[in-house]
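Taking this note's numbering, the leading residue of the sequence shown gets 2, the next gets one more, and so forth.
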Amino acid sequence: MFELPGPEAIDGMLAEVDQSVVEDARSAIGELNSTVISRMDAGRSSWLIVLLEARCSCSIERITPPWESVVSGSDEPDVLLVRGCASALASLVESGSPPGMIEKVCSSVLGTPTHMRWPGEEVNLVDPQGRVVLEMPPGSEVGKLITGLNSWFSSSRADHLVASAAYHALFESVHPFRDGNGRTGRVLLASSLDSLVSPALLAHRRDYYRMLNRLNRDIDILGDWSAFVLECATESSRSVLRIVRDTDDGDLDGLAIALGRGLRRRAYKPRRDNRGMKKEGGRFDFLSAMGPGLVLQELLYGFIMELIFVTATRIGMLQYDSSLQLAIVIIGMNATWGAIDAVVFFLIGGFSSRKHVMMIRNGRKGGKDREEAISYLLDEFGGTPLDALTEEDERRICERILECETESNADIRRDQRQSALSSFGCFVVTLFTLIPVVLPILLIEPLETALIVASALSSCTLFFVGYKMKDYFSVNG
């Protein structure tokens, strides 16, 4: 069952959030808000954006009325639910009401008066077989938990955006109402951030719910959760900003149509799929940062190099005075190989990333630069699923890429940090392969027997590594 940590503990977890993520969110939110005010009728355009946030928030819970009906304000039940969320959000933004008014917000979201759970009103999350997956706090504890949560939020030393993201997760863990908790929580979140967030949360609905459920059992991921939410706010704001900029000044009808088109085309999906470290938690989770394919590849290289030395020693090509001397040579060889591999991986990744950005930016100039950029992209896509397309479609995709926005400098720096983590992982994984080889050499006598055991262990492990690699490099499913 969920227990609310103390204020100091919560602030301590939030202090670990990467400040570049926070600054990216603050910049994207501010840029969208200022652009909307300068280019559109502030009141009406803001209402359209509020409707988009509400529609996406409801869509997370499979409430998906047509966008046109939401804008026109029909009396369909699902439309009324979306507009109830929008009204609650607009009211909060206008009044700046604190999260303490959650009963009023939830009543607006549900379209009917409601109250926080009383003693005896219990809510649990169950699976399709009816088994309890998550046990929410009892109704008798809800009032105390919400009071403690609001007290922490009002006095937190954490950055306001980070604290707002954390508040949402903690609010959902308390689950103060029998119904409407998710939509109410996202209304409070968007109001506190002064930003859209649900468009990207909808695109990553599975991650959103998975992290929320995990947080009930592992509160230590609260910082990673907050980073995830702020990244979604950043990408939601940037996606809508692109739509606003592509719309003629003052053309509210055009803006409404474009926002709806973005919904249908899933234009609000954030570009964060490869960042396993953020999804799963640990700041130093280099295995997630590397990805399974690269991990298996480094294991394969490490075992092959060690088997070369073991086999050469067994057949007499190499001779050593002692088992320790052989072990030191193998360790030194593997450490050197791992270090070289890590450095090369990091440098090549950095050079390639910078070249990609440079070519795309130059390609926008047109003429010879554009043709050169298209040829470059076609070459880079060689050996990928794009090879299955016709030449015309491949070229069309490359031309579309040249029209897209490249990463900001902050995004590039964040990718470089991720690349450095992956490079470190290459080194560590290569050293890990020493265990089944070096331990038998050091612990078993005579050396010939130790070499046989080391060869058998590493060969068996190598077989399973190779077998597992088929999931990432085979075309046979």
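Ideal Cβ placement from N, Cα and C applies to all residues, glycine included.
Minimum C-alpha distance to residue i - residue among the options
i: L432; options: M359, D250, N335 and T450; result: N335
i: E299; options: F154, P139, V72 and G426; result: G426
i: C107; options: R187, A167 and R45; result: R187
i: L126; options: L348, Y210 and I103; result: Y210
i: C86; options: A55, L93 and V94; result: A55
i: A91; options: V80, D247 and S47; result: S47
i: K356; options: E372, V198 and L378; result: L378
i: M41; options: D252, L348 and E373; result: D252
i: P6; options: A89, F154, L49 and V94; result: F154
i: E449; options: T314, L440 and I436; result: T314
i: E232; options: Y468, E392, A26 and L53; result: A26
i: T337; options: E307, S109, M14 and L319; result: E307
i: G303; options: L242, S199, L463 and I244; result: L463
i: E136; options: S109, F3, S60 and V72; result: F3
i: S73; options: A328, I258, T312 and E373; result: I258
i: V110; options: S88, E122, E95 and L256; result: S88
i: T312; options: A455, L202, S141 and E62; result: A455
i: V163; options: L325, V230 and S60; result: V230
Coarse secondary structure for residue i, derived from DSSP in three states
i: L197; result: coil
i: E449; result: helix
i: D136; result: According to the sequence as given, residue 136 is Glu; it is not Asp. It is a strand residue.
i: L126; result: strand
i: G183; result: helix
i: T115; result: coil
i: E404; result: coil
i: F465; result: helix
i: S157; result: coil
i: S70; result: helix
i: G251; result: coil
i: G384; result: coil
i: G44; result: helix
i: G121; result: coil
i: G283; result: With a pLDDT of only 41 at G283, under the threshold of 50, the placement of this residue in the model should not be trusted; the figure read from the coordinates follows. G283 falls in the coil class under three-state DSSP.
i: F428; result: helix
i: F304; result: helix
i: S423; result: helix
i: P271; result: Low confidence applies to P271: its pLDDT is 44, below 50, so where it sits in the model is not reliable, and the reading given next is rough at best. DSSP places P271 in coil when its eight states are reduced to three.
i: F178; result: coil
i: S75; result: coil
i: G277; result: Here G277 scores only 35 on pLDDT, less than 50, and its place in the model is too uncertain to base an answer on.
Same chain, Cβ closer than 6 angstroms to residue i, five either side skipped, listed in chain order
i: R239; result: A29
i: F172; result: G186
i: S424; result: A343, F346 and F347
Opening and closing residue of the alpha helix (DSSP H) in which residue i lies
i: S21; result: Q20 to R40
i: C233; result: L223 to R246
i: I329; result: S324 to G364
i: R63; result: Unbroken run through R63: none, as it is neither H nor E.
i: P441; result: I436 to L444
i: D12; result: P8 to L15
i: L316; result: The question names Leu, but residue 316 is Ile in the sequence shown. Neither: I316 is in no alpha helix (DSSP H) and is coded neither H nor E.
i: A389; result: From DSSP, A389 is part of no alpha helix (DSSP H); its letter is neither H nor E.
i: L480; result: Look at the range of the chain in this structure, 2 to 478, and you will see that residue 480 is not part of it.
i: D380; result: G368 to E381
i: H161; result: H161 to V175
i: R84; result: P78 to S96
i: M212; result: R206 to R218
Neighbourhood of residue i by C-beta, 8 angstroms cutoff - its chain only, sequence neighbours within 5 removed
i: E69; result: G261
i: I546; result: No information on residue 546 is available, as it lies outside the stretch 2 to 478 that the chain covers here.
i: W414; result: Checking the displayed sequence, the identity of residue 414 turns out to be Arg instead of Trp. Excluding residues within five positions, the ones whose Cβ falls inside 8 angstroms are S21.
i: F465; result: none
i: G351; result: Q417 and S420
i: L435; result: G303, E307, I331, I332 and N335
i: S198; result: Per the sequence shown, the amino acid found at residue 198 is Val instead of Ser. Once the five neighbours on either side are set aside, the close Cβ partners of V198 are E54, R187, L190, A191, V230, C233, A234 and S237.
Closer than 8 angstroms to chain B by CB, residue i
i: S424; result: No chain B is present in this structure, which holds just one protein chain.
Own chain, CB closer than 7 angstroms to residue i, minus 5 neighbours either side, in chain order
i: D12; result: S157, R158 and A159
i: E400; result: I375
i: P66; result: E77, D79, V80 and V83
i: T407; result: V358, I361 and R362
Legend entry - At least 3 beta-carbon pairs within less than 8 angstroms: the region 137-152 vs the region 201-216: Touching, no.
Legend entry - Validate contact between the region 109-125 and the region 166-185 using beta carbons, cut 8 angstroms, 3 pairs: Yes: the two stretches touch, three or more of their Cβ pairs being nearer than 8 angstroms.
Inset, instruction - Give a yes or no on contact between the region 9-22 and the region 218-235, applying the rule of three or more CB pairs nearer than 8 angstroms. - result: Using a C-beta cut-off of 8 angstroms, the region 9-22 makes contact with the region 218-235, since at least three inter-stretch Cβ pairs fall below that distance.
Legend entry - contact_flag[the region 359-367, the region 341-348] where n(CB pairs < 8 angstroms) is 3 or more: As far as the Cβ criterion goes, the region 359-367 does not touch the region 341-348, which means the pair count is below three.
Inset, instruction - Pair every Cβ in the region 438-452 with every Cβ in the region 368-381, then say whether three or more of these pairs are closer than 8 angstroms. - result: Look at the beta carbons and you see the region 438-452 not touching the region 368-381: under three pairs across the two are nearer than 8 angstroms.
Inset, instruction - Take every Cβ of the region 381-388, pair it with every Cβ of the region 449-467, and state whether three or more of those distances are shorter than 8 angstroms. - result: With contact defined as three or more Cβ pairs closer than 8 angstroms, the region 381-388 and the region 449-467 are not in contact.
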